[in-house]
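Novice:
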Amino acid sequence: MNKEISTIEAKDTDTLATPEDMLSYEEVQQYAHENNIKSMREWFGFHNVRKGGTPRPRNIPGDPSKYFGRRDQWVSWPSFLGTATKATQIIKDEFCDMAECKKWFADNKVYTVTQFREISKSGKRPDFIPSAPDKKYDVKFSELLCPKKSAYVTFEEAKKLVKGYGFKSYLEFREGRRNDPKNLSVVPCNPDKHYDQSNEWTSWPDFLGYSRLRK
19 MNKEISTIEA KDTDTLATPE DMLSYEEVQQ YAHENNIKSM REWFGFHNVR KGGTPRPRNI
79 PGDPSKYFGR RDQWVSWPSF LGTATKATQI IKDEFCDMAE CKKWFADNKV YTVTQFREIS
139 KSGKRPDFIP SAPDKKYDVK FSELLCPKKS AYVTFEEAKK LVKGYGFKSY LEFREGRRND
199 PKNLSVVPCN PDKHYDQSNE WTSWPDFLGY SRLRK
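For the sequence shown, this note's numbering gives the first residue as 19, with consecutive numbering after it.
In structure tokens form, the structure reads like this:
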């Protein structure tokens, strides 16, 4: 390698060396190859000092998938360690399009960024899915995630449910919801805000089923 490697006994952190000191992707690959590291498990085990492992050099990232993923250089553990077959060794320009990426998130029920990163860390992220898909497709990460199933009933179902209680005001609704959580917990405590997001909310009289008093 063209940079001197100095070792320290440290926890998994990439902040102990400046970006200028850190080795490049190719140099870290070479480091893994020289130490005969063939899997993600072997990588972390190799540096586990508590279990007799080798202290990690300060200019080697503790988790290459995270470090190089933030720099849009990461593909997969097999690609990084040189264990991928020709069928799986793809270049970055061969990622799937955004529609296929969103379908993968939905099919695998990936609801959060944290969940996605755990999949990447485990080596289970397919090569056709970018390590930083939000940057690859220039969108917010939330646009790619699998939509969470709402814990609440639809607007029309909520209206039908609360009308049976005869509530005449917002305060009566809130008190009734507290007193009957078994049946009314499926209705949000602030239905005006929740259903306004879908442009369905009109007014409390409409929602609760009573006529507005006229002066």
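Glycine is no exception: its CB is placed at the ideal position from the N, C-alpha and C atoms.
Do A117 and C164 have their CB atoms nearer than 7 Å?
Specialist: Position 99 of the sequence shown, counting from 1, holds the residue named residue 117. Position 146 of the sequence shown, counting from 1, holds the residue named residue 164. Against a cut-off of 7 Å, the Cβ pair of C164 and A117 comes out as no contact.
Novice: Within the same chain, show all residues whose beta-carbon is closer than 6 Å to that of K139, passing over the 5 residues directly before and after it, in chain order.
Specialist: For the purposes of this step, residue 139 is identified with residue 121 of the sequence shown, where counting begins at 1. Cβ within range, chain order: S83.
Novice: Assuming contact is defined by CB atoms lying nearer than 7 Å, are Y228 and K178 in contact in what I supplied?
Specialist: As a working mapping, residue 228 is identified with position 210 in the sequence shown. As a working mapping, residue 178 is identified with position 160 in the sequence shown. No.
Novice: Per DSSP, what kind of secondary structure is W92 in: helix, strand or coil?
Specialist: Working through the sequence shown from its first residue, we reach residue 92 at position 74. Looking at W92 - three-state DSSP - the assignment turns out to be coil, as it is neither helix nor strand.
Novice: Quick check on this structure: which residue in E174, Y129 and R192 has the alpha carbon closest to the alpha carbon of E241?
Specialist: The structure shown does not extend to residue 241, since the chain is modelled only from 19 through 233, so no value can be given for it.
Novice: Quick one: what's got a C-beta closer than 8 Å to Y170's C-beta in the same chain, skipping five residues either side?
Specialist: Mapped onto the sequence shown, residue 170 falls at position 152. The answer, listed in chain order, is A176, V204, V205, P206 and H212.
Novice: Return the CA-CA distance between W61 and S149, expressed in angstroms with no decimal places.
Specialist: As a working mapping, residue 61 is identified with position 43 in the sequence shown. As a working mapping, residue 149 is identified with position 131 in the sequence shown. Going by the C-alpha atoms only, they are around 19 Å apart.
Novice: Which residue marks the beginning of the alpha helix (DSSP H) containing I137, and which one marks its end?
Specialist: Start at 1 with the first residue of the sequence shown, and residue 137 comes out as number 119. Unbroken alpha helix (DSSP H) run through I137: V131 to S140.
Novice: Could you name the residues of the same chain whose beta carbon sits closer than 7 Å to that of G194, not counting the 5 residues immediately before and after it, in chain order?
Specialist: For the purposes of this step, residue 194 is taken as residue 176 along the sequence shown, with counting starting at 1. Excluding positions up to five away in sequence, the list reads Y183, F185 and L202.
Novice: Alpha carbons only, please: which of D115, F191 and R59 is nearest the one belonging to V157?
Specialist: Within the sequence shown, residue 157 is the residue found at index 139, counting from 1. When each option's Cα is compared against that of V157, the closest is D115.
Novice: Pick helix, strand or coil for Q47, following the three-state DSSP scheme.
Specialist: Numbered from 1 along the sequence shown, position 29 holds the residue referred to as residue 47. Of the three classes helix, strand and coil, the one that applies to Q47 here is helix, per DSSP.
Novice: For W95, which residues from the same chain have a beta carbon less than 6 Å from its beta carbon, with the 5 sequence-adjacent residues on both sides left out?
Specialist: Numbered from its first residue, the sequence shown carries residue 95 at position 77. The answer, listed in chain order, is M58 and G141.
Novice: Does the beta-carbon of V46 have 16 or more other beta-carbons within 10 angstroms, so that it is buried, or is it exposed?
Specialist: Taking the first residue of the sequence shown as 1, we reach residue 46 at position 28. Answer is buried; the Cβ neighbour count reaches 16.
Novice: Can you tell me whether DSSP reads W219 as helix, strand or coil?
Specialist: Along the sequence shown, one-based indexing puts residue 219 at 201. Coil at W219, not helix or strand.
Novice: How many Å lie between F225 and T101 at the Cα?
Specialist: Numbered from 1 along the sequence shown, position 207 holds the residue referred to as residue 225. Numbered from 1 along the sequence shown, position 83 holds the residue referred to as residue 101. Answer to the nearest angstrom: the Cα atoms are 60 Å apart.
Novice: Cα-Cα, which of D214, K166 and M40 is closest to I78?
Specialist: By 1-based counting over the sequence shown, the position of residue 78 is 60. Cα-wise, what sits closest to I78 is M40.
Novice: Please look up how many angstroms separate the CB atoms of S64 and G71, rounded, as I've assumed it's under 8 Å.
Specialist: Against the sequence shown, residue 64 aligns to sequence position 46. Against the sequence shown, residue 71 aligns to sequence position 53. The sequence shown places Phe at residue 64, not Ser. Sure, about 6 Å apart at Cβ, within 8 Å.
Novice: When DSSP labels each residue in this structure, what does D210 get in the three-state scheme?
Specialist: The residue you call residue 210 lines up with position 192 of the sequence shown. Three-state result, D210: helix.
Novice: Please classify P75 as buried or exposed, where buried requires at least 16 other C-beta atoms within 10 Å of its C-beta.
Specialist: Position 57 of the sequence shown holds residue 75. Flag for P75 reads buried.
Novice: Taking its Cβ as the centre, do 16 or more other Cβ atoms sit within 10 Å of D145, making it buried, or is it exposed?
Specialist: The residue labelled residue 145 in the question sits at position 127 within the sequence shown. When all chains shown are included, D145 counts as buried.
Novice: For G63, which of helix, strand or coil comes out of DSSP?
Specialist: Here residue 63 is taken as the residue at index 45 of the sequence shown, counted from 1. If DSSP states are grouped into helix, strand and coil, G63 belongs with the helices.
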